[in-house]
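Q: Reading the sequence shown from the start, the letters are residues 6 to 329 in the working numbering. We put the beta carbon where it would ideally sit given N, CA and C, even for glycine. Since this is a predicted model, take the numbers as computed values, not measurements. The following block contains the structure, expressed as structure tokens.
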Amino acid sequence: MSGIRWKPCGPLSIADAVTTGRATTGYSMALTALKIRKAGVGRHSDGHCLYLHVKPAGEKNWVLSIQLDGSRHDFPIGSAELVSLVEARKKAVEWRRLIKHGIDPLNGGQSWKPVALPAVSARAARTRKTHAERTALSDQRMFQSTIELLCEGGINGTTLKDVGERSGYSRSLAAARFETKARLLASLLQTMNARWAAEMADYMTGRTGLDAILAILDAVEQFLRQRPMWTKALFILWYESISSSDIKGALGDTHVREREGIVALVVQGQQEGSINKDVSPEYFSIQFMSLIFGTIYQWTISPADIDIHVTLRHVRDNLIKLLV
Numbered sequence: 006m007s008g009i010r011w012k013p014c015g016p017l018s019i020a021d022a023v024t025t026g027r028a029t030t031g032y033s034m035a036l037t038a039l040k041i042r043k044a045g046v047g048r049h050s051d052g053h054c055l056y057l058h059v060k061p062a063g064e065k066n067w068v069l070s071i072q073l074d075g076s077r078h079d080f081p082i083g084s085a086e087l088v089s090l091v092e093a094r095k096k097a098v099e100w101r102r103l104i105k106h107g108i109d110p111l112n113g114g115q116s117w118k119p120v121a122l123p124a125v126s127a128r129a130a131r132t133r134k135t136h137a138e139r140t141a142l143s144d145q146r147m148f149q150s151t152i153e154l155l156c157e158g159g160i161n162g163t164t165l166k167d168v169g170e171r172s173g174y175s176r177s178l179a180a181a182r183f184e185t186k187a188r189l190l191a192s193l194l195q196t197m198n199a200r201w202a203a204e205m206a207d208y209m210t211g212r213t214g215l216d217a218i219l220a221i222l223d224a225v226e227q228f229l230r231q232r233p234m235w236t237k238a239l240f241i242l243w244y245e246s247i248s249s250s251d252i253k254g255a256l257g258d259t260h261v262r263e264r265e266g267i268v269a270l271v272v273q274g275q276q277e278g279s280i281n282k283d284v285s286p287e288y289f290s291i292q293f294m295s296l297i298f299g300t301i302y303q304w305t306i307s308p309a310d311i312d313i314h315v316t317l318r319h320v321r322d323n324l325i326k327l328l329v
């Protein structure tokens with residue numbers, strides 16, 4: 006380690022960084038959820054070698070950037086659409102510890118030139134990744150790479166080899182983990198649907214009937230604004246999956262569950278008096294999902310031509326007229 010010139014990132018405790026956003030020195034982290042949403046093109050420091058890199062096309066990625074012997078070494082953590090600020094801070098602490106001990110965090114335990122990092126806290130030193138945690142991390146990074154490749158070249162332009170390489174792993178890891186591209190895409194679709202469902206649940210908490218249906222529109226708008234790349238990849242999967250039995254089956258199951266959820270909300274609204282009893286729950290569910298998907302599709306293709314906020318406000322007004 007002697008002779009290596011390292012630009013310090015400063016001591017950092019996982020517990021302090023993740024739960025309070027402060028380093029043990031009392032330094033406040035620079036980024037917040039609001040700053041991340043509004044961040045312009047360039048690199049934005051969160052402190053302690055963690056940066057948010059915003060590309061001209063609007064893509065936002067987390068990077069652990071370390072100065073070694075006068076040269077900057079960047080370790081991509083993941084897309085800000087997939088990795089939260091809290092997760093990025095925690096990962097930055099863990100990766101700095103790995104690098105200190107000569108482990109390349111991007112290559113499954115392969116050797117890396119040791120770096121004289123400042124000591125981490127005792128709690129951080131005791132943190133050990135289990136096999137399940139390592140698997141979850143590699144899956145997350147491969148999902149992120151798959152989303153990027155889908156947006157660049159569609160399903161045909163996405164290969165297991167490219168996914169493994171872009172993720173920083175061996176060419177064969179994606180094939181070993183998922184066996185086929187269809188299974189990788191089906192697993193990605195399942196993960197994306199679960200994330201969407203979780204965010205939807207946040208907006209619908211405590212709401213029933215008509216209010217819950219209108220809350221879905223709010224969730225859709227927020228999702229589109231915060232995760233444009235995710236949305237594009239999702240629609241590529243949807244519209245190019247017709248020829249894939251694995252993906253088509255999973256997507257069909259998802260659509261059935263979504264329509265059933267809308268039917269339940271309409272029935273609930275009719276029972277409580279917020280929705281007209283003449284409305285057909287089954288046919289409205291088809292109409293509602295078609296309206297949402299069609300609006301998102303058009304916005305994904307031409308976001309500059311469609312003001313999604315104004316459009317969804319008109320959709321809201323028309324739904325109220327239809328349901329009430």
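(1) Count the other CB atoms, across all protein chains shown, that sit within 10 Å of the CB of Ser-285; report buried if there are 16 or more and exposed otherwise.
(2) Please classify Ser-50: does DSSP put it in a helix, a strand, or coil?
(3) Here's a check: name, in chain order, each residue in its chain whose Cβ is nearer than 7 Å to the Cβ of Val-268, leaving out the five neighbours to either side.
(4) Given 8 Å as the limit, is there contact between the region 269-277 and the region 301-319, that is, 3 or more CB pairs closer than that?
(5) How big is the Cα-Cα spacing for Glu-92 and Leu-242?
(6) Note down, in chain order, each residue of its chain lying with its Cβ closer than 8 Å to the Cβ of Gln-231, except the 5 sequence neighbours on either side.
(7) Where does Asp-283 fall in DSSP's three states?
(8) Skipping 5 residues on each side, what residues in its chain have a beta carbon closer than 8 Å to that of Arg-171?
(9) To the nearest angstrom, how far is it from the Cα of Ile-280 to the Cα of Gly-214?
(10) Do you know how far the Cα of Glu-226 is from the Cα of Val-315?
(11) Look at the alpha carbon of Leu-178 and the alpha carbon of Ala-141, and state the distance between them as a whole number of angstroms.
(12) What first and last residue would you give for the alpha helix (DSSP H) that runs through Val-315?
(13) Mind checking which residues open and close the beta strand (DSSP E) that includes Val-88?
(14) Need the endpoints of the beta strand (DSSP E) that Leu-55 sits in, please.
(15) Exposed or buried, what is Tyr-174 when buried is set at 16 or more other beta-carbons lying within 10 Å of its beta-carbon?
(16) Quick check on DSSP: helix, strand or coil for Ile-267?
(17) From Ile-247 to Leu-190, what does the alpha carbon distance come to, in whole angstroms?
(18) Suppose the cutoff is 6 Å on Cβ atoms and the five residues either side in sequence are ignored; what does the same chain contact list for Ser-84 look like?
A: Per the coordinate set shown:
(1) Looking up residue 285 in the sequence shown gives position 280. Exposed: under 16 other Cβ atoms inside 10 Å.
(2) As a first step, residue 50 must be located in the sequence shown, where it is residue number 45. Note: Ser-50 maps to strand in three-state DSSP.
(3) Within the sequence shown, numbered from 1, the residue matching residue 268 stands at position 263. If the five residues before and after Val-268 are omitted, its C-beta is found closer than 7 Å to the C-beta atoms of Pro-286, Glu-287, Ser-290, all from its own chain and listed in chain order.
(4) The answer is no - the region 301-319 does not touch the region 269-277, with fewer than three Cβ pairs under 8 Å.
(5) Residue 92 sits at position 87 when you count from the first residue of the sequence shown. Residue 242 sits at position 237 when you count from the first residue of the sequence shown. Rounded to whole angstroms, Glu-92 to Leu-242 spans 26 Å at the Cα level.
(6) In the sequence shown, the residue the question calls residue 231 occupies position 226. These residues qualify, in order along the chain: Arg-42, Glu-86.
(7) Indexing the sequence shown from 1 puts residue 283 at position 278. DSSP places Asp-283 in coil when its eight states are reduced to three.
(8) Position 166 of the sequence shown, counted from the first residue, corresponds to residue 171. Non-local beta-carbon contacts of Arg-171 in its own chain, meaning distances under 8 Å to residues more than five positions away in sequence, involve Ser-150, Glu-153, Leu-154 in chain order.
(9) Within the sequence shown, numbered from 1, the residue matching residue 280 stands at position 275. Within the sequence shown, numbered from 1, the residue matching residue 214 stands at position 209. So the two alpha carbons sit approximately 7 Å from each other.
(10) Taking the sequence shown and counting its residues from 1, the one referred to as residue 315 is at position 310. Taking the sequence shown and counting its residues from 1, the one referred to as residue 226 is at position 221. Computed Cα separation, rounded: 10 Å.
(11) The residue given as residue 178 occupies position 173 in the sequence shown. The residue given as residue 141 occupies position 136 in the sequence shown. Each residue's alpha carbon lies about 13 Å from the other.
(12) On the sequence shown, position 310 is the one that residue 315 refers to. That run of the alpha helix (DSSP H) goes 313-328.
(13) Within the sequence shown, residue 88 is the residue found at index 83, counting from 1. Looking at the DSSP string, Val-88 is not in any beta strand (DSSP E), and its letter there is neither H nor E.
(14) Along the sequence shown, one-based indexing puts residue 55 at 50. From DSSP, the beta strand (DSSP E) with Leu-55 extends over 55-59.
(15) The residue given as residue 174 occupies position 169 in the sequence shown. So Tyr-174 ends up on the buried side.
(16) The residue you call residue 267 lines up with position 262 of the sequence shown. Ile-267: helix per DSSP, three-state reduction.
(17) For the purposes of this step, residue 247 is taken as residue 242 along the sequence shown, with counting starting at 1. For the purposes of this step, residue 190 is taken as residue 185 along the sequence shown, with counting starting at 1. Looking at the two C-alpha atoms, the distance is approximately 13 Å.
(18) On the sequence shown, position 79 is the one that residue 84 refers to. Residues of the same chain with a CB within less than 6 Å of the CB of Ser-84, apart from the 5 flanking positions on each side, are Asn-66, Gln-149 in chain order.
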